[in-house]
Amino acid sequence: MSALIRLPLLLIALVCVSNSAQSRPFDDDKTRILIEIKVPADASLTVDGIPVKQTGSVRRLITPELPYGRTFKYTFKAVSMENGKKYEAEKTVSVEAGKSYEVDLISNAKLIETEKKSEPKKVEMKKEPEKQPEVKTEPKKEEMKKDPEKKPDTKVEPKKPEIKIEIPKAPEMKKDPEKKPEDFKKKDTVKKDEPKKTIDKKNTIIVPFVSTPNAVVKAMLKLAEVGKDDIVYDLGCGDGRITIAAVKEFKARKAYGIDIDPERVKESLANARIQGVERSVQFKEGDVLEMKDVGDANVVTLYMLPQLNEKLEPMLRRTLKPGARIVSHDFEIGSWKPTKTEDVKDEDGNDHKIFLWVIPEKK
Numbered sequence: 001m002s003a004l005i006r007l008p009l010l011l012i013a014l015v016c017v018s019n020s021a022q023s024r025p026f027d028d029d030k031t032r033i034l035i036e037i038k039v040p041a042d043a044s045l046t047v048d049g050i051p052v053k054q055t056g057s058v059r060r061l062i063t064p065e066l067p068y069g070r071t072f073k074y075t076f077k078a079v080s081m082e083n084g085k086k087y088e089a090e091k092t093v094s095v096e097a098g099k100s101y102e103v104d105l106i107s108n109a110k111l112i113e114t115e116k117k118s119e120p121k122k123v124e125m126k127k128e129p130e131k132q133p134e135v136k137t138e139p140k141k142e143e144m145k146k147d148p149e150k151k152p153d154t155k156v157e158p159k160k161p162e163i164k165i166e167i168p169k170a171p172e173m174k175k176d177p178e179k180k181p182e183d184f185k186k187k188d189t190v191k192k193d194e195p196k197k198t199i200d201k202k203n204t205i206i207v208p209f210v211s212t213p214n215a216v217v218k219a220m221l222k223l224a225e226v227g228k229d230d231i232v233y234d235l236g237c238g239d240g241r242i243t244i245a246a247v248k249e250f251k252a253r254k255a256y257g258i259d260i261d262p263e264r265v266k267e268s269l270a271n272a273r274i275q276g277v278e279r280s281v282q283f284k285e286g287d288v289l290e291m292k293d294v295g296d297a298n299v300v301t302l303y304m305l306p307q308l309n310e311k312l313e314p315m316l317r318r319t320l321k322p323g324a325r326i327v328s329h330d331f332e333i334g335s336w337k338p339t340k341t342e343d344v345k346d347e348d349g350n351d352h353k354i355f356l357w358v359i360p361e362k363k
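According to full-length UniProt numbering, the residues represented by the sequence shown are 1 to 363, in order.
So, in structure tokens, the structure goes:
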């Protein structure tokens, strides 16, 4: 029997990651899979036929906790428009729990030719009128050879306009592709609402707009006891929700968000302006694994895969001051035992775990 099975549930989140060595997580029972899909920025993307709500040239998908080492199979499909032409790319990928993957749906995109098939029918129409005058004229006038030559001319001429009349119909057929993307988008907008209604059901792909639900954001900052004297670092800030909430709702002195995706950084800056906290927050594009120091932080928030958290552990232990707090959504930090763990339900009733570490006093 094949080891490939289709995953019944896929949770997709905006996460800051980079390519890293795949190391086995310390939780031998379960782990997650990160899949990055490269598509045209305006493309619509589906996973096993279910629309993905994310936008941009890189879409990031994260699975729920899965048995380590197990193999799963997904089919990704992207549809995009370029210069009035419709392109489609589809790829089926086998992935293993505990690893990260990249799927390229740009290089293998193919032009969809739906209307060119109607052109051969026009050639058949041209041949038919040529045969009809021969059948009608030859048996009637056998005496004069010149007359049949003239009469087909008169009979063919009125039939040529018939072919010309059909030609304008061809552009009408060409207009259909322009309507189909609109219909496709309309269908997408309907499907986007469906996961929200069935979010508690199995076999449903959940595509949240942000990496961490609002209820979990508040629970993380509350667990870290963020206050007016704190400086908060959100590593892998996504759309900046945690960074913004730290200063707006918990009155942190300053908050910094770092993300590897420039589109997420732009989105974070826009959200900060909307919330009126742009002077109290700062967002930067960068790879968190290349950071050498977060020593001025009192609080660090994380929502990344176990492998990435494990790689950050030495830097966090080395540079954070005693009393600093680290809070992580869903994932632990290697073998570092958390100070406290809490179970949290989001707005839709889904279960989450948050972990707290407090840097101890130096002995």
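By construction, the Cβ of each residue, glycine as well, lies at the ideal position given by its N, Cα and C atoms. This one's a predicted model, so the numbers in the text were calculated from it and none came from an experiment.
Output needed for Ser94: all residues of its chain with C-beta closer than 8 Å, excluding positions within five of it in sequence on either side, in chain order.
Leu4, Thr71, Phe72 and Lys73
Buried or exposed (CB count within 10 angstroms, at least 16 for buried), Ile274:
exposed
Closest by C-alpha distance to Val358, when choosing among Gly349, Phe331 and Leu320
Leu320
Could you check which residue in Ile112, Gly257 and His329 has the C-alpha nearest to that of Asp346?
His329
Among Arg32, Val281, Glu102 and Asn214, which residue has its Cα nearest to the Cα of Thr243?
Val281
In this structure, what does DSSP give as the bridge partners for Arg59?
Ile37
Segment limits, alpha helix (DSSP H) that includes Val288
Run containing Val288: none; DSSP gives neither H nor E here.
Are the CB atoms of Leu66 and Ala97 nearer to each other than 8 Å?
yes
If you check the beta carbons only, do Leu305 and Leu34 fall under 8 Å apart?
yes
Let me know the secondary structure DSSP gives Ala245 once reduced to three states.
helix
In the DSSP assignment, what are the bridge partners of Leu45?
Ala78
What did DSSP end up calling Asp264 once you bin it into helix, strand or coil?
Residue 264 is actually Arg in this sequence, not Asp. In the structure shown, Arg264 sits in a helix (DSSP, three-state: H, G or I).
Using only the alpha-carbon positions, how far apart do Gly240 and Arg317 sit?
24 Å
What are the partner residues of Val103, as DSSP defines its beta bridges?
Ile37
Glu313 lies in the alpha helix (DSSP H); which residues open and close that run?
Pro306 to Thr319
Taking the beta carbon of Arg279 as the centre, do at least 16 other beta carbons fall within 10 Å, making it buried, or is it exposed?
exposed
Please confirm whether Ala215 and Val299 have their CB atoms less than 8 Å apart.
no
Would you list the residues sitting across from Pro360 in a DSSP beta bridge?
Pro360 is not bridged to any residue.
Residue(s) in a DSSP beta bridge with Pro51
Thr46
So, are the CB atoms of Lys337 and Leu356 less than 8 Å apart?
no
Give the single residue among Gly49, Ala109, Ala78 and Thr55 whose Cα lies nearest to the Cα of Lys266.
Thr55
Do you know whose CA, among Val39, Tyr68, Ala43 and Glu82, lies nearest Ser107's CA?
Val39
Is the separation between the beta-carbon of Ala245 and that of Val217 shorter than 8 Å?
yes
Grab the span of the alpha helix (DSSP H) containing Ala218 for me, first residue to last.
Note on residue identity: the sequence assigns Lys, not Ala, to residue 218. Note, Lys218: alpha helix (DSSP H), Asn214 to Leu223.
Quick one, which of Lys110, Ser100 and Val52 has its alpha-carbon nearest Gln307's?
Ser100
What separation, rounded to the nearest whole angstrom, lies between the Cα atoms of Val47 and Ile354?
28 Å
On the DSSP bridge assignment, give the partners of Lys86 in chain order.
Met81
Hey, Glu285 and Pro262: beta-carbon distance below 8 Å or not?
yes
Of the residues Lys53, Arg32, Leu235 and Glu290, the one placed nearest Phe283, counting alpha carbons only
Leu235
Helix, strand or coil: which one does DSSP assign to Ala324?
coil
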